[in-house]
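Okay, so here's the structure we're looking at.
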Amino acid sequence: MVAVISLKDTSFVDRTIRLHLDAITIDSENPKRQVTQDSPLYTLYTSGSTGKPKAASVSLGNEMNLLHWYSETYGLDASQRVLVFSAIGFDLTQKNLLGSLCFGAACHFSPAPFYDPEVICKTIEQEQITWVNCAPSAFYPLVDFADGTAQLASLKQVFLGGENIQVDRLSSWLAHSQTQLINMYGPTECADITTSIHISPGNNKLPIGKAIDNVKTYVLDANQQLLPEGVIGELCIAGRSVGLGYFKNQSLNDKIFIANPYSQDADDKILYRTGDLVRYNSQGLLEFVARNDAQMKIRGMRVDPEEIEGALKAIEGVADAVVNLQGTEQNHLVAFIRSTSELQESSFYQQQLAQRLARFMIPVAFERIDQIPLSPNGKVDRKQLPEIALYRSEDIPFVAPRNPIEQELALIWQSLLGIDRVSVHDDFFHLGGHSLLATQLMIRIREAFAMDLPLRTVFEVSTLEGLAEIIFSLTQHDMDIALEEGVL
Numbered sequence: 344m345v346a347v348i349s350l351k352d353t354s355f356v357d358r359t360i361r362l363h364l365d366a367i368t369i370d371s372e373n374p375k376r377q378v379t380q381d382s383p384l385y386t387l388y389t390s391g392s393t394g395k396p397k398a399a400s401v402s403l404g405n406e407m408n409l410l411h412w413y414s415e416t417y418g419l420d421a422s423q424r425v426l427v428f429s430a431i432g433f434d435l436t437q438k439n440l441l442g443s444l445c446f447g448a449a450c451h452f453s454p455a456p457f458y459d460p461e462v463i464c465k466t467i468e469q470e471q472i473t474w475v476n477c478a479p480s481a482f483y484p485l486v487d488f489a490d491g492t493a494q495l496a497s498l499k500q501v502f503l504g505g506e507n508i509q510v511d512r513l514s515s516w517l518a519h520s521q522t523q524l525i526n527m528y529g530p531t532e533c534a535d536i537t538t539s540i541h542i543s544p545g546n547n548k549l550p551i552g553k554a555i556d557n558v559k560t561y562v563l564d565a566n567q568q569l570l571p572e573g574v575i576g577e578l579c580i581a582g583r584s585v586g587l588g589y590f591k592n593q594s595l596n597d598k599i600f601i602a603n604p605y606s607q608d609a610d611d612k613i614l615y616r617t618g619d620l621v622r623y624n625s626q627g628l629l630e631f632v633a634r635n636d637a638q639m640k641i642r643g644m645r646v647d648p649e650e651i652e653g654a655l656k657a658i659e660g661v662a663d664a665v666v667n668l669q670g671t672e673q674n675h676l677v678a679f680i681r682s683t684s685e686l687q688e689s690s691f692y693q694q695q696l697a698q699r700l701a702r703f704m705i706p707v708a709f710e711r712i713d714q715i716p717l718s719p720n721g722k723v724d725r726k727q728l729p730e731i732a733l734y735r736s737e738d739i740p741f742v743a744p745r746n747p748i749e750q751e752l753a754l755i756w757q758s759l760l761g762i763d764r765v766s767v768h769d770d771f772f773h774l775g776g777h778s779l780l781a782t783q784l785m786i787r788i789r790e791a792f793a794m795d796l797p798l799r800t801v802f803e804v805s806t807l808e809g810l811a812e813i814i815f816s817l818t819q820h821d822m823d824i825a826l827e828e829g830v831l
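Just add 343 to wherever you are in the sequence shown, counting from 1, and you've got our numbering.
What follows is the structure, encoded as structure tokens:
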């Protein structure tokens, strides 16, 4: 048998393809599938504690339990319009993509090639989006960029997770919005969400809530003994959300995924140790306190400083290194290096690390240290590490702002980046800026200079001098138009 296919549209040269189908065996029966509840659905990489990332796997049954709870609790159905603008590697992205497919919701994507709150706000308004799930750091700029509450008025539910929520940044919006705001907590190892709670306006002390359906939470001491209300212990999770463990890492699985001493049925026989310190409050709700290790969160992304430190130690001339977070709001990563010689410029270490680490894991400043402080039990004591001046004058010759536009921009940069001074040759991203801060920069420029610059501007021209030149040229252009029209 020979099938003849002619291709004559404008994208192909006129030609004929002959397919010899006799060599193809066609099975008239449906293929036999070997998929069960325990079959792996996806594997996502998280930051590793030994210099290598960890791959956490989730089963089909884990995700099905999550999606059924997600839909039944909050009404994810064909009436909802979901906007996805988070990275594909986020576990929260998976549940919104799969949830839309499973329950018939319309799934929309931001048309911008990168995170752009102005485009996202317009998309929410134009497409009448009802459902958004993202990290808090990705939602604050939407509230800031939105024209009052009009652009966000269609939102029925906003789900925030991955980091602590700064309620004060949302208080004004919450007071005038009908949107239901939900705080979600859950590790990648447990199918994204373990607990949730609706956020009421005026509630500044946010618990992480109660367990979702078919999931159990325990607050345990070091001996896996249950702790009473108000006492801080490690949060451990059992039930249908607990994933399949770390891919090909049995030694770590044996430490983190343990037998549940409080198991009551087959669904909760495994206990996942989160490493998060929590307590139950008087209402029976879980409150997050801190991590019991050095793991950090940066804009919703998990970071193990040991992974960054391992990459630093692989650089020639670095005898030892320790990484810390600096800044109460912006969360800059800074590095302390023990070396037998003078340090290289910051750009040298950043370029070396960029070959092994994601951008958000690269420190913005590097400081030489003679001795890394240790606690009495011999562990690194990050609380004793000094503050680093995020601006290093030896990296780039300092040139002070030379005109009113550069001076105003410098003040904006100082406020956003938490630094004392800015050179006209400084690069926004080299000083610790990132995409979320870039959106704040555009808002401040709009307020200070009465002009709207597209977000891509700061990615294309990221020095203070370059941005000032763009603002000046646009200001001059507006003045020329005003003169021509007789306004001035």
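Heads up, the beta-carbon is just placed ideally off N, CA and C, and yes, glycines get one too.
Asked: Under 7 Å between C-beta atoms of G552 and I540; Found: yes
Asked: Reduced DSSP secondary structure (H/G/I, E/B, other) of N603; Found: coil
Asked: E659 (DSSP reduced to helix, strand or coil); Found: coil
Asked: Span of the alpha helix (DSSP H), counted from its first residue to its last, around V562; Found: First-last for V562: V558 to L563, but that is the beta strand (DSSP E), not the alpha helix (DSSP H).
Asked: Cβ-Cβ separation, T522 to Q500 (assumed contact under 8 Å), whole Å; Found: 7 Å
Asked: Enclosing beta strand (DSSP E) for Q523 [first to last residue]; Found: Q523 to Y528
Asked: Other residues of its chain near D381: CB distance less than 7 Å, five sequence neighbours each side excluded; Found: S402 and G404
Asked: Proximity of W412 and D556 at Cβ, strictly below 7 Å; Found: yes
Asked: Residue environment, T473, which counts as buried when at least 16 other CB atoms sit within 10 Å; Found: buried
Asked: Segment limits, beta strand (DSSP E) that includes C477; Found: W474 to C477
Asked: Contact check, E406 vs L384, beta carbons under 7 Å; Found: yes
Asked: Option nearest A581 by Cα separation, candidates K598, V646, V562 and V558; Found: V558
Asked: Alpha carbon of E827 to alpha carbon of I658, nearest angstrom; Found: Residue confidence is low: E827 scores 46 on pLDDT, short of 50, so the model does not pin down where it sits. Its coordinate-derived value is still stated next. In a straight line, the C-alpha of E827 is about 59 Å away from that of I658.
Asked: One or two residues paired with E503 in a DSSP bridge; Found: Rather than Glu, the amino acid found at residue 503 in this sequence is Leu. C477 and N526.
Asked: Coarse secondary structure for P383, derived from DSSP in three states; Found: strand
Asked: CA nearest to the CA of F815, picked from A793, V585 and N592; Found: A793
Asked: Whole-angstrom C-beta distance between R711 and S682, which should lie under 8 Å; Found: 6 Å
Asked: Beta carbon of S497 nearer than 7 Å to that of Q471; Found: yes
Asked: Counted within 10 angstroms of its Cβ, other Cβ atoms place E650 as buried (16 or more) or exposed; Found: buried
Asked: Residue closest to E808, alpha-carbon to alpha-carbon, out of H675, R789, P744 and I786; Found: P744
Asked: E812 to F631 span [Cα, whole Å]; Found: 46 Å
Asked: Nearest candidate by alpha-carbon position, reference K768, set T782, H777, L752 and F433; Found: The amino acid occupying residue 768 in the given sequence is His; Lys does not appear at that position. Measuring from the Cα of H768, the nearest candidate turns out to be L752.
Asked: Close-in-space but distant-in-sequence residues of the same chain around E652 (CB under 7 Å, 5 per side omitted); Found: A664, V665 and V666
Asked: DSSP three-state assignment for E650, whether helix, strand or coil; Found: helix
Asked: Backbone secondary structure at K553 - three-state DSSP; Found: strand
Asked: Y458 (DSSP reduced to helix, strand or coil); Found: coil
Asked: Unbroken alpha helix (DSSP H) run spanning G442, endpoints; Found: D434 to F446
Asked: Span separating the alpha-carbon of I731 from that of D610; Found: 48 Å
Asked: Helix, strand or coil at R622 according to DSSP, with G and I counted as helix; Found: strand
Asked: Residue(s) in a DSSP beta bridge with F590; Found: F590 is not bridged to any residue.
Asked: R634 (DSSP reduced to helix, strand or coil); Found: strand
Asked: Buried versus exposed call for L569 [16 or more other C-beta atoms within 10 Å across all chains shown]; Found: exposed
Asked: Collapsed DSSP secondary structure at M344 in the structure displayed; Found: Confidence at M344 is low in this model, with a pLDDT of 46, below 50, so its placement is unreliable and the value that follows should be read with caution. Correct three-state label for M344: coil.
Asked: Per-residue burial, Y483 [other beta carbons within 10 Å of its own, 16 or more giving buried]; Found: buried
Asked: Per DSSP, the bridge partner or partners of F452; Found: V427
Asked: Closest residue to T386 among A399, L810, L440 and Y692 (Cα-Cα distance); Found: A399
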